[in-house]
Each structure stands twice: as C-alpha cells, then as structure tokens.
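Q: Going by this note's numbering, the letters in the sequence shown line up with residues 1434 to 2048, in that order.
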Amino acid sequence: MKYILLAPFIVLPLLINYQFSDPTLLVRRTSLFSMLFLVLCIYHFTKTSTNNVSKSQLKWIFLFIAFIIYSIITSSFNSINFNESVWGVIYLIGWLSIAVSIILYADELFFNKVLITTSILGGCLSLASLLQAYGLFNIENFSSTSATFTNRNFWGMYLCFVIPASLYGIVSSKSIKNNLIHILMFTFSLCSLIHCRSRAAWLGVLCSIVLLILIYHQLIINWIKNSIKVKHIYGFIIFLVISFTFIYTEPEVENAPDYKKSIWSTLTSTNKNLNENKISKNTLGERIYLYNTTIDMIKDYPFFGVGYNNWRLNNPSYYGDYIHDENYLKLNQRPHNDILWITSESGFFGLLLFMSIVIIPLIFTFKKILYTEHNNKSILNGFILVSIISILIESLFDFPKQRTIPNLYLWSYLGYLTINIPSENILHTTKKHLIKKLLLFISFLIAVFSFLDYNSILNSRQMLQFKSQKEYDLAINKGKKALKYGKNVDNTGTPITFYLGVLEYQKGNITLSENYFNQSLKIYPDHLGTLENLMIIKAKSSQFEEAKVIMANLRNLYPKYYSPVVKMIKLYLQQNNITDAKLLIEVTNFDDATQNTKKIVDNLKNYIILHNGHD
C-alpha cells in the first residue's frame, strides 16, 4: 500500500494541457497536490504504518518551517504585492509536505522503485520523442525536443533525474535482461538530452556523471571487470551503436534557434540571429543583463530581499534601460539563476536558511558514502545525491525552482536523505501521530489552494481569449471570476485589474477603466502598460499636466522606450496643440530610439511643418 506514493512520479510526466501558456506548471502542480492528499487519505484510513522519525529529521523540518515563517515576515514588510508572496509561501508549504510524506512513509525499497520507474518512464518518453524526430510516427501534443513537457528546457530538467536513475538501474540490476533494459533506457534518454539542446541540463548531467565516477571509481572498475562477459558486452555494443548512429543521423531540431541546430554549434556558439537580416546578439549577454539587474536588486535589499515571489514585480525598475519600443512586450519572469532568484527575494539571511535546508542532508549523505562500505543502500544514496547535484548545477542557468517535477524529485530526495543526519533519539509515537494528522490537514489545504490557483489562471486565460475576439462583456466576467479565486495577477505577473481597465476602456467606460488602472498600480507600481494607459486617459480628459507627470515617470523607468512620448505628441496634435507637440519633440533626445520609432517621429515633424506652413 505504501507504494501508491509512487503515483505522482508516474502520472505527472505524462500530463499535457494546452489551455494556457504555462501548462507544465499549473496542471502538474494541481495534480500533484491533489494526488498527495488522496494518497495521505488512503494511508490514514488504512492505518498504514510509518517510519521511525529521528529528532534530527524533526529539526530539519523545523528549519524548513523557519524559512517559511521568515519568508512571510520579510515579505509582509518588503513585498510590492504581498498576495503573490502568500501564494509563493503556500507552495513552499506544499514542498515541505512532500518531504514530510517521504520521511514518514518512504524507505530504501520505495526509492529503489522510484529510480527504476523514473528510468523506464523517462526512457520510454525519450524513445517516443526520438521516433517523432525521425518522423516514424506523429503523436499529437508531443514534441521531439520536449516530449510531454512543451518546452525543451523543462524536458532537460526531467532528464537530470532520468539519466542518473537509468545508470542506477544498470548497476543495480541482478539479471542480464534488466541490465539491458536500463542500458537501452539510458541510451534513449542520453540521445534525447542531446537532441533537446538544453545546455544547462547537459552541464548538470555531465557534472553528476563526473561526481559518480569520483565517488565510485573503484566500484565502477570492479563492476566493469565483472561484467566482461559476452552477454554484458551486448549492452555496451547496443549503447555505442545507437548513440553513434543518432549523432551521425540526427534529424533537424525543432523549436530551437539556428545556433543550436547542430551539436557542435550548441557547444561553441554564443550568438543568435535576431531577425531575417542575420543581425546577431550574444546569448550570454542577454543573461548578463538579467544577472546584473538582479545583483543590483540584491544590493538594494541585501539582508531580507524584495519579498518572496516578487522578483518579477520589482524587475522592471532595474531592467528599464534594456526595454525599448520593439521588446516592451517581453516580460521577464525570473533571472535564470535560482541562487540569485532566492537571494533577491529573501536576502542573504533567507539564502543561508534555504541552502542549509538543502545542503545539510547532502553533507551527511556524502560523508556516509565516503566512510561506510559500498552496499546497496550506499549506492542508492549516491545516485540520489548526484541527481540533486545535477539539478542544482542546472539551476545556476535555469529555473527548476518554479517547475513542478524538479521540485517533486528534489524535496522527495532531500526528505529521504534526512535519514542520514546523525541522531540517537527517535520521536515519540504520539508526536508522530500529531505530525501525520497535521500533514493530512495541510495537504488538503494545499490541494484546495492549488485548485483555486488553477481556476484563477484558467479564467485569466479565457479573459484574454474573449478580449481578442472583442467579446468584452464575457472577458470582463472572466476577469472578475479570476479575481474571486484569490489571485490578483495572471501567470505572467500582469495585474488582472490592468486587463479589466483595458476592457472597460474599449467599452467606453473611462471612469471605471481609470479606477481599474489605479488598482493595478497598487500591486504593480511600475507596470508599463498601466502607466501608459493612464497617461492616455489623463491626456484625453485634457489633464495634460497629470499626463506629463506619468510620461516623465515612464521616461525615467524606461529611458529607451519612446512610445509614451510619441503618443503624447499625437495627443497634443489631436487637440491642435502644435506648440506643445513641437516642444516635446525638440526637448526629447531620440538617439536611442529604434529605426521604426525614428521614422514615426520624422513623419510627425513633417506633419507639424506642413501644418505650420498651412497656417
């Protein structure tokens, strides 16, 4: 009965949903916490026995709780949008629930099954993606570079766990048949990893394999010596033949930029084409902008951060120099480095707490591996350890912190490894029963909140669909429903009230529109779209002084974004205010404007000249 806790590891990688733009986060996350609650209910009603819990494990749980409390307190003081911080903390509690469930119910045999299941499922998905790449069959809503994950980087994160699991399957298999199966799974997964072109995942997996070799080099040598038999050699031959065949016949990579079309160019190139004219840009430079602005954020809030889950709301005030008239719709969601992300939101004190939660089980596990005999349990611990190291390396260039499946594996693995923290005392049965009941109650709350989150985002998405169809009343209804579920932003961090303001403006309800925009600014003070729309409303209401104040604020926040100036010039001209329109053009330096913006400004200058000449 304990093994029903395996269900999330099997079901989640198979889920696909295309109802909104970030499906792997919401559908899988909601499903995970719903399944966790159901599993814990089954355990409760069947009176499933629990593991012994040490006081050291309890201290680790309290350390996690301390980080949660710290995040709530610091966010209440520093966050722009405390509501978003609360939602972020809710999911932190969810990840703690996963870890505690593992501490209570999982054992060595359970994790043996987790790794074997991960190897087989990941290998089968990899095989399907490779067959799709070769055009041997076509699976709907399935990608050759991302399988069921809709994004090749998300798929790469999953493979950071699959490939170590496949290697574990190879070395732990007692029969030649199982050994060959896991060699195949490893081969398919490795080829799929190569094909997905996720360099962060490549580095993570490479580091995990190197670490495995360093830890188990003598064991590996002995294993190879003992495996030099005709039947075992078949496995190595299969691996070599499939791998080299794939490398030399690799199909074209879909959904990848030109500079990642070949394996070699992915390894060596740092430039990507920005447009059809082959103008290139350094990809490292793009990330450096994010890193630098995040470091600036940390410098301003070094100890306690800007508030949990608030990075994307603070980013525009730091990233404004890089926003212009052609990229203003791009919304940065995270800094593509989880260490910087945590530090910017929680400060150095928060980072210290978080890293303690992660590192303490790893340190004691590593010491146990080094100083004890390499038995089955030690080997299992080693492969779990390197899986965690793999995703931590990957997180330095990506954002598994926000992804459901990496979090499932990370907190499950860490929860299990807490068993290696030394402790002579076992928790009393009464306290353990209390933890069980609290866990069941908390898992129910998390499942409910994840369902509310899902429905809020779903309604937000439907609001945008109705907006694009000009069904404004239906769109407004969906927006109001989205707010009722407790969220005030959509999955991109855009205030729902901003969209409602736009919709009311389209209907001609200017006063109501302005009210919504003002509400939007309370939760996202530097939101470009909200400020620009408010400026237009003020100008059209002949409140040009207030409009100019908003325009000046926009120019200060986004100095290379000239749309507010251009729109203000047009608004002056609509009022036949040639003098102020001409003055605004003269006092504005358009040197940093895009070519299209400069053409528009030139046309406006010509219009003013012609109009003056006509007068």
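Every residue gets a Cβ at the ideal spot worked out from N, C-alpha and C, and that includes glycine.
All figures in this text were calculated on a predicted structure; none of them were measured in a lab.
Is it the case that the Cβ atoms of F1420 and F1877 are separated by a distance below 9 Å?
A: Not covered by the structure: residue 1420. The range shown for the chain is 1434 to 2048.
Q: Taking the CB atoms as reference points, tell me whether F1782 and F1737 lie closer together than 9 Å.
A: Stepping through the sequence shown from its first residue, residue 1782 is reached at position 349. Stepping through the sequence shown from its first residue, residue 1737 is reached at position 304. Contact: yes.
Q: Please list the segments of the alpha helix (DSSP H) lying wholly inside the region 1762-1810, counting only runs of 4 or more residues, in order along the chain.
A: 1771-1804
Q: Note down, one range per segment and in chain order, each alpha helix (DSSP H) of at least 4 residues found wholly within the region 1609-1678.
A: For the region 1609-1678, whole alpha helix (DSSP H) runs of length 4 or above, ordered along the chain, are 1609-1629, 1632-1659.
Q: For a test of the three-state rule: what should DSSP assign to V1922, helix, strand or coil?
A: Position 489 of the sequence shown, counting from 1, holds the residue named residue 1922. The answer is strand: DSSP assigns V1922 an E or B state.
Q: Do the region 1522-1539 and the region 1841-1853 make contact, defined as three or more Cβ pairs closer than 8 Å?
A: yes
Q: Note down, in chain order, each residue of its chain lying with its Cβ closer than 8 Å to the Cβ of Q1565, except the 5 sequence neighbours on either side.
A: As a first step, residue 1565 must be located in the sequence shown, where it is residue number 132. Correct list, in chain order: N1571, I1572, F1575, S1576, S1577.
Q: Pick from L1644, I1603, E1517: whose alpha carbon is nearest that of I1549?
A: In the sequence shown, residue 1549 corresponds to position 116, counting from 1. For the residues L1644, I1603, E1517, the minimum Cα distance to I1549 belongs to I1603.
Q: Can you tell me the Cβ-Cβ gap for T1726 and Y1751, rounded? I've got them flagged as a contact below 8 Å.
A: Here residue 1726 refers to the residue found at position 293 of the sequence shown. Here residue 1751 refers to the residue found at position 318 of the sequence shown. Yes, they are in contact, since the Cβ atoms of T1726 and Y1751 sit about 4 Å apart, within 8 Å.
Q: Tell me whether P1928 sits in a helix, a strand or coil according to DSSP, three-state version.
A: One-based indexing of the sequence shown puts residue 1928 at position 495. Of the three classes helix, strand and coil, the one that applies to P1928 here is strand, per DSSP.
Q: Compute the distance between the beta-carbons of I1875 and I1526, then report whether it is under 9 Å.
A: The residue labelled residue 1875 in the question sits at position 442 within the sequence shown. The residue labelled residue 1526 in the question sits at position 93 within the sequence shown. Against a cut-off of 9 Å, the Cβ pair of I1526 and I1875 comes out as a contact.
Q: What three-state label does DSSP hand S1487 in the structure shown?
A: Residue 1487 sits at position 54 when you count from the first residue of the sequence shown. Reduced to three states, the DSSP call for S1487 is strand.
Q: Closest to V1595 by C-alpha separation, out of N1584, L1773, I1616, would be which residue?
A: On the sequence shown, position 162 is the one that residue 1595 refers to. The residue with the shortest Cα to Cα distance from V1595 is I1616.
Q: Grab the span of the alpha helix (DSSP H) containing F1899 for me, first residue to last.
A: Locating residue 1899 in the sequence shown gives position 466, counting from the first residue. First-last of the alpha helix (DSSP H) with F1899: 1862-1901.
Q: Using the three-state DSSP reduction, which class does A2014 fall into: helix, strand or coil?
A: Looking up residue 2014 in the sequence shown gives position 581. Correct three-state label for A2014: helix.
Q: Applying the 10 Å Cβ sphere with the 16-neighbour rule, what's the burial state of M1590?
A: What you label residue 1590 is simply residue 157 of the sequence shown in a count that begins at 1. Its Cβ being crowded by 16 or more others within 10 Å, M1590 is buried.
Q: Using a Cβ distance threshold of 8 Å, determine whether the region 1579-1588 contacts the region 1536-1551, with at least three qualifying pairs required.
A: no
Q: Rank I1523, S1622, R1720 by C-alpha distance to the C-alpha of L1554 and give the top, closest one.
A: Within the sequence shown, residue 1554 is the residue found at index 121, counting from 1. If we check each option's Cα against that of L1554, S1622 comes out closest.
Q: Whole angstroms is fine: what's the gap from P1794's alpha carbon to K1971's?
A: Your numbering for residue 1794 matches position 361 in the sequence shown. Your numbering for residue 1971 matches position 538 in the sequence shown. Straight-line Cα distance between these residues: approximately 57 Å.
Q: Apart from the five residues on each side of it in sequence, which residues of its chain come closer than 6 Å, Cβ to Cβ, to T1925?
A: Counting from 1 along the sequence shown, the entry for residue 1925 is found at position 492. Excluding sequence neighbours, T1925 sits near L1764.
Q: Counting pairs of beta carbons, one from the region 1999-2017 and one from the region 2031-2038, are three or more of them closer than 8 Å?
A: yes
Q: Report yes if the C-beta distance between I1956 and N1514 is below 9 Å; otherwise report no.
A: Indexing the sequence shown from 1 puts residue 1956 at position 523. Indexing the sequence shown from 1 puts residue 1514 at position 81. Taking 9 Å as the Cβ cut-off, I1956 and N1514 qualify as a contacting pair.
Q: Please report the distance separating the alpha-carbon of S1489 from that of I1854.
A: The count along the sequence shown starts at 1 and reaches residue 1489 at position 56. The count along the sequence shown starts at 1 and reaches residue 1854 at position 421. In a straight line, the C-alpha of S1489 is about 6 Å away from that of I1854.
Q: My output table needs one value for I1859: the three-state DSSP class, helix, strand or coil.
A: Taking the first residue of the sequence shown as position 1, residue 1859 is located at position 426. If DSSP states are grouped into helix, strand and coil, I1859 belongs with the strands.
Q: Can you tell me which of the three DSSP states A1580 falls into?
A: The residue you call residue 1580 lines up with position 147 of the sequence shown. If DSSP states are grouped into helix, strand and coil, A1580 belongs with the strands.
Q: Drop a sphere of 10 angstroms on the beta-carbon of H1477, count the other beta-carbons inside from all chains shown, and report buried for 16 or more, exposed for fewer.
A: As a working mapping, residue 1477 is identified with position 44 in the sequence shown. With fewer than 16 other Cβ atoms within 10 Å, it is exposed.
Q: Go to R1988, then tell me how far its alpha helix (DSSP H) extends in each direction, as first and last residue.
A: By 1-based counting over the sequence shown, the position of residue 1988 is 555. Element bounds for R1988: 1977-1990.
Q: With a threshold of 7 Å on Cβ separation, who are the neighbours of Y2062 within its own chain once the five nearest residues in sequence on each side are excluded?
A: Residue 2062 lies beyond the range of the chain shown here (1434 to 2048); nothing can be said about it.
Q: Please state whether the Cβ-Cβ distance between I1775 and F1497 is less than 9 Å.
A: Locating residue 1775 in the sequence shown gives position 342, where the first residue counts as 1. Locating residue 1497 in the sequence shown gives position 64, where the first residue counts as 1. Result no, Cβ atoms of I1775 and F1497 do not sit closer than 9 Å.
Q: Taking a contact to mean a Cβ-Cβ separation below 9 Å, would you say L1829 touches A1633 in this structure?
A: Taking the first residue of the sequence shown as 1, we reach residue 1829 at position 396. Taking the first residue of the sequence shown as 1, we reach residue 1633 at position 200. Contact: yes.
Q: Do L1818 and I1802 have their C-beta atoms closer together than 9 Å?
A: To locate residue 1818, count along the sequence shown from 1; it is residue 385. To locate residue 1802, count along the sequence shown from 1; it is residue 369. Yes, these two residues count as a Cβ contact at 9 Å.
Q: Determine the direct distance from the alpha carbon of Q1766 to that of W1744, and round the result to whole angstroms.
A: Indexing the sequence shown from 1 puts residue 1744 at position 311. Indexing the sequence shown from 1 puts residue 1766 at position 333. Straight through space, the alpha carbons of Q1766 and W1744 are spaced by roughly 8 Å.
Q: Measuring straight from C-alpha to C-alpha, what distance separates L1784 and R1836?
A: As a position in the sequence shown, residue 1784 is number 351, starting the count at 1. As a position in the sequence shown, residue 1836 is number 403, starting the count at 1. L1784 and R1836: Cα-Cα distance of roughly 19 Å.
Q: Below 6 Å CB to CB, which residues in the same chain sit around S1579 once its five sequence neighbours on both sides are set aside?
A: Looking up residue 1579 in the sequence shown gives position 146. R1585, W1588.
Q: In the structure shown, what three-state DSSP assignment does T1457 receive?
A: What you label residue 1457 is simply residue 24 of the sequence shown in a count that begins at 1. Since pLDDT at T1457 reaches only 46, below the 50 mark, its modelled position is unreliable, and no value is offered.
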